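For reference, the structure is listed below as structure tokens.
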Amino acid sequence: RISKRWRGTRAGMSTSTQLVLMDPSSGGASASGAQDKAKGKMKKGKTEKEVEEQQEMEDLSEMLALRRPKHIGTGAISGLQCLAAGVIGGTVSLVAMPVIGAKEDGVKGFALGLGKGCLSAVAMPVGGVIAGAVQVTRGAVSTPDAIISSAKGKQWDSEKRRWRHYSLKQDHEAIAAADAELKKQEAERKAARRAARHAAAFAAKERKDDEQKAGDSSADASSAGDKKGDK
1 RISKRWRGTR AGMSTSTQLV LMDPSSGGAS ASGAQDKAKG KMKKGKTEKE VEEQQEMEDL
61 SEMLALRRPK HIGTGAISGL QCLAAGVIGG TVSLVAMPVI GAKEDGVKGF ALGLGKGCLS
121 AVAMPVGGVI AGAVQVTRGA VSTPDAIISS AKGKQWDSEK RRWRHYSLKQ DHEAIAAADA
181 ELKKQEAERK AARRAARHAA AFAAKERKDD EQKAGDSSAD ASSAGDKKGD K
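The letter at position 30 of the sequence shown is residue 30 when you use our numbering, and the numbering goes up by one with no holes.
Laid out in structure tokens, this is it:
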């Protein structure tokens, strides 16, 4: 996994640059939706390297916890996580890349890995600082909305990262709809299994009938031959 991070340095730098340009009041779509958009754009025909780079970008976003914060408190926590992830990632890269390079290409690989490790040791903490600052800013921007929404009785949806009115009726309807869908799917599976059993039984019966008819025909032919011989 560490070897994959070797090529992730440029990805980390470009991601950090994009974070600076991100609008904190955008509701988190630029950050939390980036992973879904990236997954949706993966198409057939991509090379293994492109898919691997795509996965590295997604892993980096997960590592930096780039989700819309609930308020300034969660924004500060997310910012510290981003900072810690950048420092740890840079330290690991500085130690691991020269070792990996030496194993792959000897002295030349060690020197190249050392250079990349030093670059990562600088770029990743800087990226973590930038991402952390962005998360804190987004948390500060979200705080007034959190206060107003909380006063209105709304609750925070941690999955969709937004405030919403909690409705027991709506939740009950959603659960009932999901339960009905599961029952429907189970009924379809049972019907498919029954149809398969009936088809198999019918095919077996047809084979048995064909074998019996073939046996009767052979018996009739044999009997006719015997009668002809008697004459």
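Ideal Cβ positions, reconstructed from N, Cα and C, are used throughout, including at glycine. Please read these numbers as outputs of a predicted model, since none were measured by experiment.
Cα-Cα separation between alanine 191 and alanine 180, rounded to whole angstroms:
As a first step, residue 191 is located in the sequence shown; it is residue number 191 there, counting from the start. As a first step, residue 180 is located in the sequence shown; it is residue number 180 there, counting from the start. For alanine 191 and alanine 180, the distance between alpha carbons rounds to 16 angstroms.
Taking 8 angstroms as the threshold (C-beta atoms), are arginine 138 and glycine 86 in contact?
For the purposes of this step, residue 86 is taken as the residue at position 86 of the sequence shown. For the purposes of this step, residue 138 is taken as the residue at position 138 of the sequence shown. Cβ atoms of glycine 86 and arginine 138: not closer than 8 angstroms.
Alpha carbon to alpha carbon, what distance is there between proline 69 and glutamine 135?
Numbered from 1 along the sequence shown, position 135 holds the residue referred to as residue 135. Numbered from 1 along the sequence shown, position 69 holds the residue referred to as residue 69. Going by the C-alpha atoms only, they are around 7 angstroms apart.
DSSP three-state call for histidine 71: helix, strand or coil?
The sequence position of residue 71 within the sequence shown is 71, counting from 1. Histidine 71 falls in the coil class under three-state DSSP.
Relative to the C-alpha of isoleucine 148, which residue among Glu173, Leu66 and His71 is closest?
The residue labelled residue 148 in the question sits at position 148 within the sequence shown. Cα-wise, what sits closest to isoleucine 148 is His71.
N- and C-terminal bounds of the beta strand (DSSP E) containing lysine 152
By 1-based counting over the sequence shown, the position of residue 152 is 152. Segment: none, lysine 152 is in no beta strand (DSSP E) and carries neither H nor E.
Assess, as a yes-or-no matter, whether the region 90-103 is touched by the region 112-120 under the definition of 3 or more beta carbon pairs within less than 8 angstroms.
yes
From the DSSP output, read off the bridge partner residues of histidine 165.
Taking the sequence shown and counting its residues from 1, one reaches residue 165 at position 165. Lys154, per the DSSP bridge assignment.
Any idea what DSSP makes of leucine 66, helix, strand or coil?
Residue numbering aside, residue 66 sits at position 66 when the sequence shown is read from its first letter. Residue state, collapsed to three classes: coil.
Whole-Å CB distance - alanine 131 paired with glycine 90, under 8 angstroms assumed
For this step, residue 131 is matched to residue 131 along the sequence shown. For this step, residue 90 is matched to residue 90 along the sequence shown. 13 angstroms between Cβ atoms; not a contact.
Using alpha carbons as the reference points, say which of Asp157, Gly106, Ala84 and Glu188 lies closest to aspartate 171.
What you label residue 171 is simply residue 171 of the sequence shown in a count that begins at 1. That would be Asp157, whose Cα lies nearest to the Cα of aspartate 171.
Based on Cα-Cα distance, which residue from Ala146, Gly153 and Leu83 lies nearest to valine 252?
In this structure the chain extends from 1 to 231, so residue 252 is not present and cannot be described.
With lysine 154 and arginine 164 assumed to form a contact (beta carbons below 8 angstroms), what rounded beta-carbon distance in angstroms separates them?
Taking the sequence shown and counting its residues from 1, one reaches residue 154 at position 154. Taking the sequence shown and counting its residues from 1, one reaches residue 164 at position 164. With a Cβ gap of about 6 angstroms, lysine 154 and arginine 164 count as contacting.
By DSSP, does glutamate 211 sit in helix, in strand, or in coil?
Stepping through the sequence shown from its first residue, residue 211 is reached at position 211. The answer is helix: DSSP assigns glutamate 211 an H, G or I state.
Spatial distance of tyrosine 166 from glutamate 173 (CA atoms):
Residue 166 sits at position 166 when you count from the first residue of the sequence shown. Residue 173 sits at position 173 when you count from the first residue of the sequence shown. Approximately 13 angstroms, taken between the alpha carbons.
Distance between arginine 194 and alanine 214 (C-alpha atoms, nearest Å):
For the purposes of this step, residue 214 is taken as residue 214 along the sequence shown, with counting starting at 1. For the purposes of this step, residue 194 is taken as residue 194 along the sequence shown, with counting starting at 1. Taking the straight line joining both Cα atoms gives about 30 angstroms.
Reduced DSSP secondary structure (H/G/I, E/B, other) of glutamate 159:
Position 159 of the sequence shown holds residue 159. In this structure, glutamate 159 counts as coil in the three-state DSSP scheme.
What do you get for serine 217, buried or exposed, if any count of 16 or more other CB atoms within 10 angstroms of its CB means buried?
Along the sequence shown, read from residue 1 onward, the residue named residue 217 stands at position 217. Counting Cβ neighbours within 10 Å, serine 217 comes out exposed, since fewer than 16 surround it.
Could you tell me the distance, in whole angstroms, from the CA atom of alanine 203 to the CA atom of alanine 196?
Within the sequence shown, numbered from 1, the residue matching residue 203 stands at position 203. Within the sequence shown, numbered from 1, the residue matching residue 196 stands at position 196. Cα-Cα distance, rounded: 10 angstroms.
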